[in-house]
Amino acid sequence: METQIMKILLDCRFKKGAGPNVATLYMLDELIRLNTKHEFIVLHNPNQSLPEYPGVEKLVVPVKSNFLEFLWVQFYLPKLFEKLKIDIYHSLKHVSPLFTKIPTIEYIHEVGHFFSEGLEAFNLSLANRIYHYHLKGWSMRRATHIIGTSQQCEKVLHQKLGISKEKISTIRYGLDKKFRVIDDRGKIVECCQRYGLPESYILCVGNICAQENYDSVIKMYSKLRSQNENAPKLVLVGDTGNAESDFLELMKQLGLNEDVILTGFVEHRDLVYIYNGANLLLFPPTVAAFGIPPIEAMACGIPVVASNIDAIPEISGEGAALLFDEPRNVDKMLEAVNLVLHDHQLRQELRNKGFERAKEFSWEASALRVLDLYEIIGREKICNLHSAGSYSI
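For the sequence shown, our numbering gives the first residue as 444, with consecutive numbering after it.
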C-alpha cells in the first residue's frame with residue numbers, strides 16, 4: 444500500500460559536542476538528503492547552529508533553560524502537532540512528548556542509565572537520573588517504535604524495561620566519508636602542529652567525563668612512561684568542560700602534564716588528520732551502546748585497542764580491534780597497548796581488518812532504513828491498525 448505524503452517533525456535538539464550529538468546531525472543530514480517524498484520540519488534549540496536545508500522548515504524552541512524547554516516540549520509541542528498537522532514525531536535524541544496521540548519514534552543512543560554500573564559510570568546528578576532513567580524509560584514505553592544503535596542496546600531495553608523486541612529496530616551509526624586514509628603526510632603534520640601534537644602519539648577520542656574511563660588511561664600511561672621514557676605521548680581529544688578536578692589533579696600528581704595533551708573539542712574536518720597521525724587509538728570506556736571512534740580510526744587505517752564491554756565487540760567485529768577485559772584494569776590495558784606498539788605484524792593485521800570492517804558502516808544505509816520505517820508506520824496509520832509492537836523493520 445502506497446503511503447500519502449506525510450509531515451514528519453524531526454526533533455534534533457542538541458548542544459555542541461561529540462558522540463550522540465554528532466551522530467544526530469549526520470543522521471539528520473542524510474534523512475533530508477535522501478527524502479524525496481515527505482515534508483520534514485526540524486525542531487532545534489535557539490542557539491543551535493544547523494546547516495541550511497532548502498525546502499525544510501525549522502521550528503525553534505522559544506526558551507533556553509532545560510527545565511522550561513522540557514515543559515514546552517511536553518505541554519505546548521503536542522498542540523503544535525495538531526496545528527501543523529504532523530503525522531509522525533521522530534526524536535533523534537530527547538524524551539518525546541508523553542501525552543501525544545500521533546505516532547512517535549525514539550532514537551536511543553545510550554542505555555547505560557538503565558543499570559547500576561552504567562549509572563555509576565555516568566556519575567549523573569539526581570535531576571539527570573530522573574530524566575534519563577524514569578522519564579526516558581516512560582517515554583520509550585509509550586513510543587510507537589524505538590531505534591537502537593546495537594544489538595546490545597536492544598537487549599538492555601528488552602531486559603531492563605520490558606520493551607518488546609518487535610518494537611525495536613537496530614540501526615547502527617554510519618561513518619562519514621571524510622574519515623579515510625590521508626596520503627599527504629604534509630597535511631597531517633600541518634594539522635597536528637596547529638593543535639600542538641607531536642610526531643608520535645597514542646590517541647583517545649571522547650569528551651573528558653567519567654564513563655570514558657580516562658583516570659584508568661592516565662594510570663596506565665604513567666606505567667608505560669616508567670617502562671619506556673621514549674613512549675609516544677598521550678593525546679586526549681574531546682570537550683574538557685566536564686573534566687573533574689580529580690582527573691586533572693591525578694595528571695599533576697603523576698607528573699604527566701608535559702606528556703598528556705588535552706586538545707579540547709576538535710571539528711571533524713581536523714579530526715580525520717589527527718586520526719591519521721596517531722600510532723593507535725585507545726578506546727577504554729566502561730559503558731558503550733555503540734562506539735564511533737573505533738570505526739573512524741579503522742577507516743583511517745589506525746589500529747584500535749578497546750575495552751571488551753557492552754556493544755564494542757559487536758561493533759568492532761571479529762579481529763578488527765585488540766580488545767582487553769576489565770576496562771578499569773590498568774595492567775590489562777597496558778599489556779594491550781604495548782602489544783600494538785611493539786608487534787608490527789599485529790599492528791598491520793589490525794589495520795587491514797579494521798579498514799575492511801569500517802566499510803560496513805554507512806550513514807546513507809542507516810538513513811534509508813529510517814525512511815523505510817516512516818513508510819511502515821505511515822501505512823499502519825492509514826489502516827488505523829496502530830497497536831503496540833506491530834512495527835518491525
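All residues carry an ideal CB built from backbone N, CA and C; glycine is no exception.
Exercise. Along the chain, where does the beta strand (DSSP E) that runs through Lys676 open and close?
Worked result: Counting from one through the sequence shown, the residue named residue 676 turns up at place 233. It spans 676-680 - the beta strand (DSSP E) in which Lys676 sits, taken as one unbroken run.
For this session: Classify Glu769 as helix, strand or coil using the three-state DSSP reduction.
Result: The residue labelled residue 769 in the question sits at position 326 within the sequence shown. Glu769 falls in the coil class under three-state DSSP.
Exercise. Are Phe557 and Tyr532 closer than 8 Å when you measure CB to CB?
Worked result: Start at 1 with the first residue of the sequence shown, and residue 557 comes out as number 114. Start at 1 with the first residue of the sequence shown, and residue 532 comes out as number 89. Not in contact: Phe557 and Tyr532 (Cβ atoms no closer than 8 Å).
Problem set entry | Closest by C-alpha distance to Ile752, when choosing among Pro728, Ser492, Leu697, Glu655 | As a working note, residue 752 is residue 309 in the sequence shown. Closest option to Ile752, Cα to Cα, is Pro728.
Problem set entry | Top-ranked residue by Cα proximity to Gly744, from Glu769, Leu604, Tyr716, Glu761 | Here residue 744 refers to the residue found at position 301 when the sequence shown is read from its first residue. Of the listed residues, the one whose Cα sits closest to Gly744 is Tyr716.
Exercise. Looking at C-alpha atoms only, which residue of Pro641, Glu769, Ala742 is the closest neighbour of Ala763?
Worked result: Position 320 of the sequence shown holds residue 763. When each option's Cα is compared against that of Ala763, the closest is Ala742.
Problem set entry | Length of the line joining the Cα atoms of Glu818 and Leu527 | Within the sequence shown, the letter at position 375 stands for residue 818. Within the sequence shown, the letter at position 84 stands for residue 527. Distance from the CA of Glu818 to the CA of Leu527, rounded to the nearest whole angstrom, comes to 20 Å.
For this session: Identify the continuous beta strand (DSSP E) that holds Thr547 and give its terminal residues.
Result: Taking the first residue of the sequence shown as position 1, residue 547 is located at position 104. From DSSP, the beta strand (DSSP E) with Thr547 extends over 547-551.
For this session: Go ahead and label His537 buried or exposed: buried means 16 or more other beta carbons lie within 10 angstroms of its beta carbon, across all protein chains shown.
Result: Along the sequence shown, one-based indexing puts residue 537 at 94. It counts as buried.
Exercise. With a CB to CB cut of under 7 Å and the five nearest residues on each side skipped, what residues in its chain are close to Asn700?
Worked result: Stepping through the sequence shown from its first residue, residue 700 is reached at position 257. Same-chain partners within the cutoff: Met694.
Exercise. What first and last residue would you give for the alpha helix (DSSP H) that runs through Val660?
Worked result: For the purposes of this step, residue 660 is taken as the residue at position 217 of the sequence shown. Where Val660 is concerned, the enclosing alpha helix (DSSP H) stretches over 657-670.
For this session: Would you please state the rounded distance, in angstroms, between the beta carbons of Leu677 and Asp702? I believe it to be under 8 Å.
Result: For the purposes of this step, residue 677 is taken as the residue at position 234 of the sequence shown. For the purposes of this step, residue 702 is taken as the residue at position 259 of the sequence shown. Sure, about 6 Å apart at Cβ, within 8 Å.
Exercise. How many Å lie between Cys635 and Leu604 at the Cα?
Worked result: Within the sequence shown, residue 635 is the residue found at index 192, counting from 1. Within the sequence shown, residue 604 is the residue found at index 161, counting from 1. Using only the alpha carbons, I get a separation of about 45 Å.
Exercise. Ends of the beta strand (DSSP E) at Val747?
Worked result: Sequence index remark: in the sequence shown, residue 747 carries index 304 (1-based). Where Val747 is concerned, the enclosing beta strand (DSSP E) stretches over 747-750.
For this session: Measure the alpha-carbon distance for Tyr469 versus His552 and round it to whole angstroms.
Result: Counted from its first residue, the sequence shown places residue 469 at position 26. Counted from its first residue, the sequence shown places residue 552 at position 109. Answer to the nearest angstrom: the Cα atoms are 13 Å apart.
Problem set entry | Neighbour-count burial assignment, Lys796, 16 or more Cβ in a 10 Å radius | Reading the sequence shown from its first residue, position 353 is the one you call residue 796. By the neighbour-count rule (16 or more Cβ atoms within 10 Å), Lys796 is buried.
Problem set entry | Same chain, Cβ closer than 6 Å to Val554, five either side skipped, listed in chain order | Against the sequence shown, residue 554 aligns to sequence position 111. Cys596, Val599, Ala732.
Problem set entry | Endpoints, the alpha helix (DSSP H) within which Asp626 is located | The sequence position of residue 626 within the sequence shown is 183, counting from 1. Careful: Asp626 lies outside any alpha helix (DSSP H) and carries neither H nor E.
Problem set entry | Cross-strand partners of Ile704 (DSSP beta bridge) | Residue 704 sits at position 261 when you count from the first residue of the sequence shown. Val678.
For this session: Determine the closest residue to Leu477 out of Glu769, Gly821, Ile820, Ala808, with distance taken between C-alpha atoms.
Result: Translated into the one-based positions of the sequence shown, residue 477 becomes position 34. Comparing Cα positions, the closest option is Ala808.
Exercise. Glu500 bridges to which residues according to DSSP?
Worked result: The count along the sequence shown starts at 1 and reaches residue 500 at position 57. For Glu500, which the question treats as bridged, DSSP gives the partners Ile484.
Exercise. Ser665: which of Ala653, Thr683, Val648, Gly698 sits nearest, CA to CA?
Worked result: Along the sequence shown, one-based indexing puts residue 665 at 222. Comparing Cα-Cα distances from Ser665 to each of Ala653, Thr683, Val648, Gly698, the minimum goes to Gly698.
Exercise. Where Ile625 and Gln602 are concerned, what is the direct C-alpha to C-alpha distance, given to the nearest angstrom?
Worked result: Residue 625 sits at position 182 when you count from the first residue of the sequence shown. Residue 602 sits at position 159 when you count from the first residue of the sequence shown. Cα atoms of Ile625 and Gln602: separation of roughly 43 Å, rounded to the nearest angstrom.
For this session: Please name the residue, chosen from Arg771, Pro746, Ile735, that lies closest to Ile755 on a Cα-to-Cα basis.
Result: Residue 755 sits at position 312 when you count from the first residue of the sequence shown. The shortest C-alpha separation from Ile755 is found at Ile735.
For this session: Have a look at Tyr496, Pro497, Asp472, Pro546 and flag the residue whose alpha-carbon is nearest the alpha-carbon of Lys450.
Result: In the sequence shown, the residue the question calls residue 450 occupies position 7. That would be Pro546, whose Cα lies nearest to the Cα of Lys450.
Problem set entry | Three-way DSSP call (helix, strand, coil) for Leu493 in this model | To locate residue 493, count along the sequence shown from 1; it is residue 50. Coil.
Exercise. Going by other Cβ atoms of all chains shown within 10 Å of its Cβ, with 16 needed for buried, is Ile448 buried or exposed?
Worked result: Position 5 of the sequence shown, counted from the first residue, corresponds to residue 448. That one is exposed.
Problem set entry | Ile738 and Leu618 closer than 8 Å at C-beta | Sequence index remark: in the sequence shown, residue 738 carries index 295 (1-based). Sequence index remark: in the sequence shown, residue 618 carries index 175 (1-based). Going by C-beta atoms, Ile738 is nearer than 8 Å to Leu618.
For this session: Closer than 6 Å by C-beta to Pro494: which residues in its own chain qualify, once you throw out the five before and the five after it? Chain order, please.
Result: Sequence index remark: in the sequence shown, residue 494 carries index 51 (1-based). Closer than 6 Å at the Cβ level, and outside the excluded window around Pro494, lies no residue.
Problem set entry | Cα-Cα separation, Ile475 to Leu452 | In the sequence shown, counting from the first residue as 1, residue 475 sits at position 32. In the sequence shown, counting from the first residue as 1, residue 452 sits at position 9. Between Ile475 and Leu452, the C-alpha separation is close to 12 Å.
For this session: Taking all protein chains shown into account, decide if Glu549 is buried (16 or more other Cβ within 10 angstroms of its Cβ) or exposed.
Result: Along the sequence shown, one-based indexing puts residue 549 at 106. It is buried - the Cβ of Glu549 has at least 16 other Cβ atoms within 10 Å.
Exercise. According to DSSP, is Asn827 helix, strand or coil?
Worked result: Along the sequence shown, one-based indexing puts residue 827 at 384. Low local confidence applies: a pLDDT of 49 at Asn827 is under 50, so the model's placement there is unreliable, with the coordinate-based value given in what follows. Coil, per DSSP.
Problem set entry | C-alpha distance - Leu640 paired with Ile704, whole-angstrom precision | For this step, residue 640 is matched to residue 197 along the sequence shown. For this step, residue 704 is matched to residue 261 along the sequence shown. When rounded, the distance between both Cα atoms is 7 Å.
Exercise. What's the gap between the Cα of Arg822 and the Cα of Phe798?
Worked result: Position 379 of the sequence shown, counting from 1, holds the residue named residue 822. Position 355 of the sequence shown, counting from 1, holds the residue named residue 798. Straight-line Cα distance between these residues: approximately 39 Å.
For this session: Taking the CB atoms as reference points, tell me whether Arg456 and Asn490 lie closer together than 8 Å.
Result: Mapped onto the sequence shown, residue 456 falls at position 13. Mapped onto the sequence shown, residue 490 falls at position 47. No, the Cβ-Cβ distance between Arg456 and Asn490 is not below 8 Å.
Problem set entry | Reference Pro770; option with closest CA among Val709, Pro463, Val730 | Sequence index remark: in the sequence shown, residue 770 carries index 327 (1-based). The candidate whose alpha carbon is nearest that of Pro770 is Val730.
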